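The sequence shown begins at 31 in the numbering used here and counts up one residue at a time.
For each residue, glycine too, the CB sits at the ideal point set by N, CA and C.
Quantities reported herein were computed from a predicted structural model and do not represent experimental measurements.
Just below is one structure, and these are the notes that go with it.
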Amino acid sequence: MLLSATIWLAVCLATSFKAFTAVSFFSGRTSITSQLMIPLASGLATPARRATAISIVFSGLMLGMLLPRVLSGIVAQYTSWRNVYWLALGLQYLVWSLLWLYMPDYPAINTTDMPYYKFLCSIFYLIFSQPVLAHACVMVFFSNAVFASFWTTLTAFLSGTLYNWSSLQIGLFALIGIAPLLFVNLAKRPTGLLPDGLDKALFLSTGGESNEAAIKLAKLYTGKFEIVGLGRSWHGMTSGANAAQYHSRAPWYGPMPTGNFMLPSPNAYRSIFRNADGSHDWQPELDYGFSLIDQQSVGSLAAVIVEPILSSAGMHPLPKGYLEALRSHCNQREMLLIIDEAQTAIGRAGDMFAFQHDGVKVIPDILTLSKTLGNGLPLSAIVTSSRIAKVAKERKFLFYTTHTNDPLPAAVGDTVLKIVVRDNLVSRSRVLGEKLHAGLRLLQSRYGCIGDVRGRGLMAGVEIVANSLTKEASPQLGNALVERMTALGLWAQISTLTSFAGTFRIAPPLTTTEEEIEIGLKIMETAFAETPGTTPLY
């Protein structure tokens, strides 16, 4: 790097075009920073993280190639073109100084006494003795040549008489190439947090879009068309996602797409499947559901789509072992398992991803993310395996919407994931969730109208009933509690739809404080105490 920077000084001082061209050519032959940084990153990374490390460094190098074009346009516009080269010289010396001062002295891997020119010759021999390597190198060479000539030709074209663009305008044109790199960074972050087998991502705008894309991907990959969902689930309002969810009093839009089946929702509070001790017996419930589906299916079952916690159904967590049993049913029928973590992922339920709660025993074939990922901006994702992605590419999978891969939500999503990890918000969600659930269970012990408290992490459901023995719903009492809580300063909402069973769904931000949890619980306590019909037990 020092040699390259020193030669660059001659570029800055060149007074003729011939000298400028000759020195620039020689300078290019000595620029080997990228050839050094990529192998260094590869050698320092663990085998499992090597591909990710290389992609991060390569993305940084690409960003380093494109951002200077913007900076060059600004400098040339407001000073002179030669100052661009002086600035580049100064930055090279600055980077060299920082590396010299702060870069660790990593031990050499190649400790032979082979001269550098012989080392280069050995590399050329290796490349041209292997047809695959030779082909790859030739393709990269011409790709880089096209890339370099593209920018040179583009600059001449845009500055010509036809467009007459300024240096600033031409420099800003490089932003077009920078934008996609934001999605490279975003794609690496969730796949880096997920277990092996979930390593390819596609970014969309909404949770409904991501589930629609996941369902279409499952159909394309399996060559089958039937989709199974859980009762009272919620996956979106597009046709495929909407057809895979089941709620009472659904608006009449005509018949749904054919080939959709429902499994019983694992509702531990209301299910009729019970053990001798009265606890929820979910395994025969699940088996019975599949036995009914098998009798209706035409043998084209493509996928099951489920939420780890059925939020819209009233915050029902899947029982421990449920996903494992569900995976077994999928394997028996050669179905894919789609897990919809629109509401549960990124720390919300006390784990980075809710399907990991019981340990990484089950890895979904397709995972969908949204909501927290965009932190209020429309951003969603589907994540799948390299195997499925490869087949999807071969079969020309296409799912594209207007704002697919927009750079603004990509930058936000990347920052959200970085902050969640940096500030340990997953652990925070778990700790604050314990406090929240303890407070809600205390309320349940004091008021007979609270039939059930459930959920996990910062996701909680409080179901309101008229009678704790019959479990009869009480929408009127629920509405009265909402009005009182709102009057006391706590925003509250309860759905009176039968399929929602009159449940308060509580999901405070990951950044909420203990004090805010305590204030919310106190307001709820006051509302229950002051509202008629809550059946105090004290």
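Quiz item: How many Å lie between ALA503 and MET365 at the Cα?
Solution: Distance between the alpha carbons of ALA503 and MET365: 37 angstroms.
Exercise. Please confirm if the region 380-390 is in contact with the region 347-366, defined as three or more CB-CB distances below 8 angstroms between the two stretches.
Key: Contact holds between the region 380-390 and the region 347-366, because three or more Cβ pairs, one in each stretch, are under 8 angstroms apart.
Quiz item: Looking at GLU354 and VAL413, is the spacing between their C-beta atoms short of 7 angstroms?
Solution: Cβ atoms of VAL413 and GLU354: not closer than 7 angstroms.
Exercise. Have a look at GLN199, VAL170, ASP395, LEU462 and flag the residue whose alpha-carbon is nearest the alpha-carbon of GLN107.
Key: Checking every option, the nearest Cα to that of GLN107 belongs to GLN199.
Quiz item: Looking only at C-alpha atoms, which of LYS501, LYS423, ILE547, TRP521 sits nearest to ILE509?
Solution: Here the sequence assigns Asn to residue 509, which means Ile is not the residue at that position. When each option's Cα is compared against that of ASN509, the closest is TRP521.
Quiz item: With a Cβ-Cβ cutoff of 7 angstroms, do GLU493 and GLY485 count as a contact?
Solution: Annotated as distal: GLU493 and GLY485, with beta-carbon spacing of 7 angstroms or more.
Self-check item: Rounded separation between SER336 and TYR193 - CA only
Solution: Looking at the sequence itself, residue 336 is Val, so the reference to Ser does not match. Computed Cα separation, rounded: 54 angstroms.
Practice problem: Check the DSSP bridge columns for SER498 and list the partner residues they point to. | Solution: As computed with DSSP, SER498 is found in no beta bridge at all.
Quiz item: Is it right to say GLN362 is buried, meaning 16 or more other beta carbons lie within 10 angstroms of its own, or is it exposed?
Solution: Around the beta-carbon of GLN362, fewer than 16 other beta-carbon atoms lie within 10 Å, marking it exposed.
Practice problem: Please classify HIS433: does DSSP put it in a helix, a strand, or coil? | Solution: When secondary structure is reduced to three states using DSSP, HIS433 falls in the coil class, being assigned neither helix nor strand.
Practice problem: Could you have a look at TYR477 and say whether DSSP puts it in helix, strand or coil? | Solution: If DSSP states are grouped into helix, strand and coil, TYR477 belongs with the strands.
Quiz item: Less than 7 angstroms separating the beta-carbons of CYS360 and VAL328?
Solution: Not closer than 7 angstroms, so no.
Quiz item: Alpha carbon to alpha carbon, how far is ILE547 from LEU499?
Solution: Pairing ILE547 with LEU499, the inter-Cα distance amounts to about 30 angstroms.
Quiz item: Whose CA, out of PRO394, ARG458, PRO562, lies closest to the CA of ASP226?
Solution: Ranking PRO394, ARG458, PRO562 by Cα distance to ASP226 puts PRO394 first.
Practice problem: Might you give, ordered along the chain, the residues of its own chain that have their beta carbon closer than 8 angstroms to the beta carbon of TYR352, omitting 5 neighbours on each side? | Solution: The answer, listed in chain order, is PRO296, TRP312, LEU316.
Quiz item: Does the Cβ-Cβ distance between GLY261 and MET286 come in under 7 angstroms?
Solution: No, the Cβ-Cβ distance between GLY261 and MET286 is not below 7 angstroms.
Quiz prompt | Residues bridged to LYS148 [DSSP beta-bridge criterion] | solution = None, per the DSSP bridge assignment.
Quiz item: Do you know how far the Cα of THR36 is from the Cα of SER89?
Solution: A direct Cα-Cα distance of roughly 26 angstroms separates SER89 from THR36.
Quiz item: Would LYS218 be called buried (16 or more neighbouring beta carbons within 10 Å of its own) or exposed?
Solution: Burial call: buried.
Quiz prompt | Candidates MET67, ALA175, LEU488, PRO437, of which the one nearest SER457 by Cα | solution = Shortest Cα-Cα distance from SER457 to any of MET67, ALA175, LEU488, PRO437 involves LEU488.
Quiz prompt | Selected residue, minimal CA-CA separation from ALA372, among LEU340, GLY469, ARG357 | solution = Checked all of LEU340, GLY469, ARG357; the closest Cα to ALA372 is LEU340.
Practice problem: Starting from LEU228, trace the beta strand (DSSP E) both ways and give me its first and last residue. | Solution: Counted as a single uninterrupted DSSP element, the stretch harbouring LEU228 is not any beta strand (DSSP E), since DSSP gives it neither H nor E.
Quiz item: For MET169, which of helix, strand or coil comes out of DSSP?
Solution: Looking at MET169 - three-state DSSP - the assignment turns out to be helix.
Quiz item: Closest by CA to ALA178, which one among LEU551, MET92, ALA375?
Solution: Ranked by how close their Cα comes to the Cα of ALA178, the residues LEU551, MET92, ALA375 have MET92 in first place.
Exercise. Please confirm if the region 262-269 is in contact with the region 233-253, defined as three or more CB-CB distances below 8 angstroms between the two stretches.
Key: Between the region 262-269 and the region 233-253, the count of C-beta pairs closer than 8 angstroms reaches three or more; the two stretches touch.
Exercise. Report the rounded CA-to-CA distance for ARG535 versus LEU188, giving the unit in angstroms.
Key: A direct Cα-Cα distance of roughly 57 angstroms separates ARG535 from LEU188.
Exercise. Inspect the beta-carbon positions of LEU397 and ILE418 and report whether they are closer than 7 angstroms.
Key: No, the pair does not count as a contact, with Cβ atoms beyond the cut-off.
Exercise. Determine which residues share a DSSP beta bridge with HIS346 and list them.
Key: For HIS346, which the question treats as bridged, DSSP gives the partners LEU340.
Self-check item: CB-CB length for PRO505 against GLY532, believed under 8 angstroms
Solution: Confirmed, Cβ separation roughly 5 angstroms.
Exercise. Ignoring anything shorter than 3 residues or poking outside the region 245-319, list the beta strand (DSSP E) runs there in chain order.
Key: Segments of the beta strand (DSSP E) lying fully in the region 245-319: 256-260, 290-293.
Quiz item: So ALA274 and GLY253 are in contact, right, with Cβ under 8 angstroms, and what is the actual spacing, rounded?
Solution: That pair is no contact at about 19 angstroms.
Exercise. Label CYS479 either buried or exposed according to how many other C-beta atoms from any shown protein chain fall within 10 Å of its C-beta, with 16 as the threshold for buried.
Key: Here CYS479 is buried, its C-beta having at least 16 other C-beta atoms within 10 Å.
Exercise. Please specify which runs of the alpha helix (DSSP H), each continuous and at least 4 residues long, are wholly inside the region 70-148, giving them in chain order.
Key: Given a length threshold of 4 residues, each whole run of the alpha helix (DSSP H) inside the region 70-148 is given here in chain order: 80-108, 111-132.
Quiz item: Alpha carbon to alpha carbon, what distance is there between LEU223 and GLY58?
Solution: Near 38 angstroms, if we compare the C-alpha coordinates of LEU223 and GLY58.
Quiz item: Can the beta-carbon of ALA332 be found less than 7 angstroms from the beta-carbon of ALA248?
Solution: A contact, by the Cβ cut-off of 7 angstroms.
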